[in-house]
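S.K.:
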Amino acid sequence: MTNSNSAQEPTVRRRDFLRGSLGLGAAAALAGCGFSGDTPAPAASTSPSGSAAPSESPAAKAVIDGDLVYFNWAEYIEPTVLEGFKKEYGVKVIETNYDTYPGMLAKMSSGNQYDVVLPGARFVEQLRNQNMIQRIDKAQLKNANQSFGWGSYFDNPWYDPNSDYSIPFSMYTTGIAYRKDKITTMTGSWADLWNEEGKGHIYVLDEADEAIGMAALLLGLDVNTANPDDLAKIKDKLISQKPYLRAYSTDDINNLAGGNAWIHQEWSGDFLNFINYTAEDPKIWEYIAPKEGMPVNSDAWVIPANAPHPGTALVFLDYLLRPENIIKNIEYLGYPLLAQGGEATYAKMVEGRPSLAIDLKNIDDTKVYRNHTPADTAARDTVWTEVKAS
Amino acid sequence: MSTDLQDAVAATLPGAKRQSATRTRLWGWLLLPPAAWMIVFFVSSILIVVALSFGTVNANGRPAFGTSLANYQALMNTTYLTVFIRSLVYSVTTVVLCMFIGYPVAYAIALHGGKYKNALIAALVIPFFASYLIRMYAWSTLLSDEGLVNQALHTVGFTDGVQFLNTPGAVVAGLVYGFVVFMILPIYASLERMDTALIEAGKDLYHSPLRTFFAVTVPATRAGVLGGVLLVFLPALGDFVSAQLLGGPSTFMIGNLIQQQFFESQNQPLGSALTVVLMLALLVFMVFYLRATQRQNRET
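So the protein sequences, as listed, match chains V and L. Quick note on the working numbering: the first sequence kicks off at 2 and runs consecutively. Quick note on the working numbering: the second sequence kicks off at 71 and runs consecutively.
(1) With DSSP collapsed to three states, give me the class of D66(V).
(2) Taking the alpha-carbon of Y288(V) as reference, which of G343(V), Y336(V), T175(V), P311(V) has the nearest alpha-carbon?
(3) Is D30(L) close to chain V? Criterion is C-beta to C-beta, closer than 8 Å.
(4) At what residues does the beta strand (DSSP E) containing E267(V) begin and finish?
(5) Cutting at 6 Å between CB atoms, please list the residues of its own chain near F252(L), excluding the five before and the five after it.
(6) Which residues in the same chain have their Cβ closer than 7 Å to the Cβ of G214(V), if we skip the five residues on either side of it in sequence?
(7) I'd like to know whether the C-beta atoms of E211(V) and Q147(V) end up nearer to each other than 8 Å.
(8) Beta carbons nearer than 8 Å to chain V: which residues of the segment 102-125 of chain L have them?
(9) In chain L, which residues lie with their C-beta within 9 Å of the C-beta of P375(V)?
(10) Within 8 Å (strictly less), CB to CB, does A45(V) reach chain L?
(11) Measure the Cβ-Cβ separation of S210(L) and L145(L) and say whether it is below 8 Å.
(12) Is the CB of G259(V) under 8 Å away from at least one CB in chain L?
(13) Is the beta carbon of M264(L) closer than 8 Å to that of T229(L)?
(14) In three-state DSSP terms, what is R180(V)?
(15) Rounded to the nearest angstrom, what separates G131(L) and R381(V) at their Cα positions?
(16) Hey, does Q131(V) have any beta-carbon neighbour from chain L nearer than 8 Å?
(17) Who are the neighbours of S241(V) on chain L, taking C-beta pairs under 9 Å?
(18) Just tell me which of Q341(V), S269(V), Y347(V) has its CA closest to the CA of P291(V).
(19) Express the C-alpha separation of L304(L) and L352(L) in angstroms, rounding to a whole number.
(20) For chain L, is any of its Cβ atoms less than 8 Å away from the one on Q266(V)?
(21) Looking only at DSSP bridge pairs, what is L357(V) linked to?
(22) Counting Cβ pairs, one atom from each stretch, are 3 or more of them under 8 Å apart for the segment 135-149 of chain V and the segment 250-260 of chain V?
(23) Could you work out which residue in A240(L), L245(L), T137(L) is closest to C168(L) when comparing CA atoms only?
(24) Quick check on the burial criterion: 16 or more other C-beta atoms within 10 angstroms. Buried or exposed for R281(L)?
(25) Can you check whether the C-beta of G308(L) is within less than 8 Å of a C-beta belonging to chain V?
(26) Quick check: P311(V) and A61(V), are their CB atoms within less than 8 Å of each other?
(27) Under a three-way DSSP split, which group does G24(V) fall into?
(28) Quick check: the segment 159-175 of chain V against the segment 118-135 of chain V, are there 3 or more CB pairs under 8 Å?
(29) Quick check on this structure: which residue in A379(V), P375(V), Q127(V), T383(V) has the alpha carbon closest to the alpha carbon of N128(L)?
(30) Leaving out the 5 sequence neighbours to the left and right, which residues in its chain are closer than 7 Å to P169(V) when beta-carbon positions are compared?
(31) Assuming the contact rule is C-beta atoms closer than 8 Å, L261(L) and Y177(L) should be a hit. Round their C-beta distance to whole Å, please.
(32) I need the boundaries of the alpha helix (DSSP H) containing W286(V), first residue and last residue.
(33) Can you check whether the C-beta of E334(L) is within less than 8 Å of a C-beta belonging to chain V?
(34) Nearest by alpha-carbon distance to V70(V): which of Y115(V), V205(V), I203(V), D366(V) is it?
(35) What first and last residue would you give for the alpha helix (DSSP H) that runs through L206(V)?
(36) Got a sec, what are the start and stop residues for the beta strand (DSSP E) A301(V) sits in?
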C-alpha cells in the first residue's frame, strides 16, 4: 500500500524526478536534442540572440513585456502560485522543464531563450562567469526586502557576490534518515552509515559530491577537497563501506517507502516530504544532523542575458517574493525558502524535529559544494567512478 | 529478421535491370527523406560524439572540441576494464537466459498457437508499449523488501522475506525482462516461415522428437536465433536503467558510467570517449553476426 500511496501523491521530489527521468533525458540527449548545438566557442555563447548588447546591458524594468518563458524542475512550484500569476497579469506561462543541471546548462548554452531559470548555486556561479545571466536591479522588486537586508546569509552568498544576478529560492541540508524501530545504535555521526545493525539496508546518495563530501566530513577533511592524498583516503573509506550498503541511489523516497532502507543518507526536503505525505508511520522515522557537519546547498532564480521578456521576468520574481506566495511554496515544496516571510512557516513545519531546522543567518558555507577546475573535477570524479566500479 | 531484409533486397536485385529508368529514379527520390533523416539525426550525432571524444572541458564545465587524447588515456584504467567485463558477463547471461525463455515461447506460439497465434504475439508485445523505465520502476516496487512479492511470501511462511533487489541477479532479471521480446520475435518469425513438413519428414525417418528438433528445427531457425542474440545483446550491453533501478553497490555497468559522465560529471568528452569505445566493441560483435549470417546464406 505504501507504494500506491506514493504514486498518488503529487509531491515534489525533484531529486527523485531527476533520477527517474534519466532514461528520457538520455534518450533526448542521444537523439541529439540540446546536445548537438551546445558546444560553440565560448564567445558565441555569451549572446546567442546576436541583438543583445554584451552582458552588462541596462537593467530591465519590472514591467510586463510579454509572456513568461519559464524553465525549471517539473512541479517545482506551488501550482496555484503559477496560475495566480497568469490570471493577475494576463500573460501566458510557456513552461519547459529540465531534469539535471548539466542538461539545463546545455539547453541554455545552445541558444534557447528563457525569461526565468532556477539553477543550483554552483550553476549560478558558472552562468555568471560565462556572462549568461543579467544583473537584477533590486530597486525594481517591491518585495526585495523579503530576501535581502535582514541579515540573511544570502545577502552575499558565495556563488553570486551581493546576489547581484540572482534571487535565492530554496535550500536543503544533507543528513541521515533512519528507522527507530529497526536501528537502536545510532551515534549522531556520519559513521552511522557503517552501522552493523543496518548492514545491507544502508543507502548512500548516488551523487559524487554527496558521497565524497560525507566521507570527507567523517575524516575531518574539506568537502571540496581535490588533494590527491585526501582523495585516496576518501576512496578507501568509501570502499570500506560497500559491505554495509544496499545501493547507491537518489531514489530516496521510494527506498524509504519500500522498506529497503533502514538508514539512508538523505536530503532534508525529501525527508520532510516523505514523512508528511508518503510514510505510513512518520513516527518511526528520524532525521540526524551529523555532528561532523552537514552539507548545505541552495538554488536561486536568474534571468538569462538573452531573455526575451526580462520585464515580465522581474514582475514574476517580485510576485514570488510576496509573503503569501512564499508560504504557499514552502508548504508545497517542503524546502525552506530563503526569505524572511517564510522562516516561521518552515519552523512550524519542522516543529519537534530540530535536526531539520535551518537558520538562514548562520549558514556555514564551508560545507557547500563548489565548482572546481576541470582537473580537480576529473580527480574527484575518478575517485567516485572507482568506488562505484569496484 | 535480417534474412527477411536480405531476401527483400535480393528479390529486387535480379529485377533491377529490367526496371525502367523512371522507376529506379522514383526509388531514389523516395529514399531521400529517410536518408536525410538518418544523416541529420543519426550520422551527425555519431560524428559529434566521435569529435567530442577528443575534446576538453572548460573551466565552466562546458565541453569544447579539441584534438586531445586525454580522454582515451583516462580510459587506460583497470576500473573501466572491471566495469566492461562486468557488463559483458551480465549481457551474455541475459542473452543465454533470453534464449532459454524465448525459444520455447516462440516455438509454442508458432507451432501450437493455431488461430490464437496473432493474439498471443500481441499479448507478448503490448506490455512492451509501456516505457522500459516505468516497467523497471514497477519491478523495483514489486520486489522491494516490503513489496507485494515479499508480502505474499510472508503469508506463506517465509517470515524473513527474501532480498531480491539490489543484487546482480536483479540486474540480469531486469535485462532479461526488458529485452526478451527481441529474442522471441525473430525466432517466432523464422519458425513461422519454416516448412513444418520438414519436422514430419524428420519423424518419418525415425528421428526422436528431440533429435528432429536439433537436426531440423534448430538449423532452420538459426538466422532467427542469431538475430535475437544480437537484438538482445546490443541493448543489454549498453543498458544503464536496470543497474540504476535494480542494482546494488557493486553492479555498475558501462552504460551507467557513460550516463554518469554526461548527466552528473559534466564531462561530455570523457562520456563520448567511452561511447566510442563501446560502439567499437559492439561493432566487433556486429561484424561477427554479419559473417555468421552470410555463412548461413551461402549454405542454404
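Beta carbons are placed, not taken as given, at the ideal position from N, Cα and C, and that holds for glycine.
M.R.: A quick look at the data gives this:
(1) Residue numbering aside, residue 66(V) sits at position 65 when the first sequence is read from its first letter. In the structure shown, D66(V) sits in coil (DSSP, three-state: anything other than H, G, I, E or B).
(2) Counting from one through the first sequence, the residue named residue 288(V) turns up at place 287. It is T175(V).
(3) Nothing can be reported for residue 30(L): it is not among the residues displayed for chain L, which extend from 71 to 370.
(4) In the first sequence, the residue the question calls residue 267(V) occupies position 266. Counting along the chain, the beta strand (DSSP E) containing E267(V) begins and ends at 264-268.
(5) Against the second sequence, residue 252(L) aligns to sequence position 182. If we look at F252(L) and ignore the five residues flanking it on each side, its Cβ neighbours are L301, V302.
(6) Here residue 214(V) is taken as the residue at index 213 of the first sequence, counted from 1. Here the set comprises V224, P296, Y370.
(7) One-based indexing of the first sequence puts residue 211(V) at position 210. One-based indexing of the first sequence puts residue 147(V) at position 146. No. Outside cutoff.
(8) F111, S114, S115, I118, L122, G125
(9) Working through the first sequence from its first residue, we reach residue 375(V) at position 374. Near P375(V) (Cβ distances below 9 Å), the residues of chain L are T126, V127, N128, A129, G131, N337.
(10) Along the first sequence, one-based indexing puts residue 45(V) at 44. The predicted position of A45(V) is uncertain, since its pLDDT is 36 and thus under 50; a value taken from the coordinates is nonetheless stated next. No - not a single Cβ of chain L is within 8 Å of the one on A45(V).
(11) Here residue 210(L) corresponds to residue number 140 of the second sequence, with the count starting at 1. Here residue 145(L) corresponds to residue number 75 of the second sequence, with the count starting at 1. No.
(12) For the purposes of this step, residue 259(V) is taken as the residue at position 258 of the first sequence. So, interface residue.
(13) If you number the second sequence from 1, residue 229(L) lands on position 159. If you number the second sequence from 1, residue 264(L) lands on position 194. No, the Cβ-Cβ distance between T229(L) and M264(L) is not below 8 Å.
(14) Mapped onto the first sequence, residue 180(V) falls at position 179. Correct three-state label for R180(V): strand.
(15) What you label residue 131(L) is simply residue 61 of the second sequence in a count that begins at 1. What you label residue 381(V) is simply residue 380 of the first sequence in a count that begins at 1. Roughly 14 Å between the two C-alpha positions.
(16) Against the first sequence, residue 131(V) aligns to sequence position 130. For Q131(V), the answer is yes, since a Cβ of chain L falls inside 8 Å of its Cβ.
(17) If you number the first sequence from 1, residue 241(V) lands on position 240. The contacting residues do not exist; S241(V) stays about 12 Å from chain L at best.
(18) As a working mapping, residue 291(V) is identified with position 290 in the first sequence. That would be S269(V), whose Cα lies nearest to the Cα of P291(V).
(19) Counting from 1 along the second sequence, the entry for residue 352(L) is found at position 282. Counting from 1 along the second sequence, the entry for residue 304(L) is found at position 234. Rounded to whole angstroms, L352(L) to L304(L) spans 7 Å at the Cα level.
(20) Stepping through the first sequence from its first residue, residue 266(V) is reached at position 265. No, Q266(V) does not count as interfacial toward chain L.
(21) Sequence index remark: in the first sequence, residue 357(V) carries index 356 (1-based). DSSP output for L357(V) lists no bridge partner at all.
(22) no
(23) As a working mapping, residue 168(L) is identified with position 98 in the second sequence. When only C-alpha atoms are compared, the closest one is L245(L).
(24) As a working note, residue 281(L) is residue 211 in the second sequence. Classification for R281(L): exposed.
(25) As a working note, residue 308(L) is residue 238 in the second sequence. No - not a single Cβ of chain V is within 8 Å of the one on G308(L).
(26) For the purposes of this step, residue 311(V) is identified with residue 310 of the first sequence, where counting begins at 1. For the purposes of this step, residue 61(V) is identified with residue 60 of the first sequence, where counting begins at 1. For P311(V) and A61(V), yes; Cβs fall inside 8 Å.
(27) Taking the first sequence and counting its residues from 1, the one referred to as residue 24(V) is at position 23. At G24(V), the pLDDT of 38 sits below 50, so the modelled position is not reliable; the number obtained from the coordinates is stated separately. Helix.
(28) yes
(29) As a position in the second sequence, residue 128(L) is number 58, starting the count at 1. The candidate whose alpha carbon is nearest that of N128(L) is P375(V).
(30) Walking along the first sequence from the start, residue 169(V) turns up at place 168. The answer, listed in chain order, is S148, F155, P158, S299, A301, L339.
(31) One-based indexing of the second sequence puts residue 261(L) at position 191. One-based indexing of the second sequence puts residue 177(L) at position 107. Confirmed, about 6 Å.
(32) Here the question's residue 286(V) lines up with position 285 in the first sequence. Segment 286-289 is the beta strand (DSSP E) holding W286(V); no alpha helix (DSSP H) there.
(33) The residue labelled residue 334(L) in the question sits at position 264 within the second sequence. Yes, E334(L) lies at the interface with chain V (some Cβ there is under 8 Å from its Cβ).
(34) In the first sequence, the residue the question calls residue 70(V) occupies position 69. Out of Y115(V), V205(V), I203(V), D366(V), Y115(V) has the C-alpha closest to the C-alpha of V70(V).
(35) Here residue 206(V) corresponds to residue number 205 of the first sequence, with the count starting at 1. Neither: L206(V) is in no alpha helix (DSSP H) and is coded neither H nor E.
(36) Taking the first residue of the first sequence as position 1, residue 301(V) is located at position 300. Its beta strand (DSSP E) spans residues 297-302.
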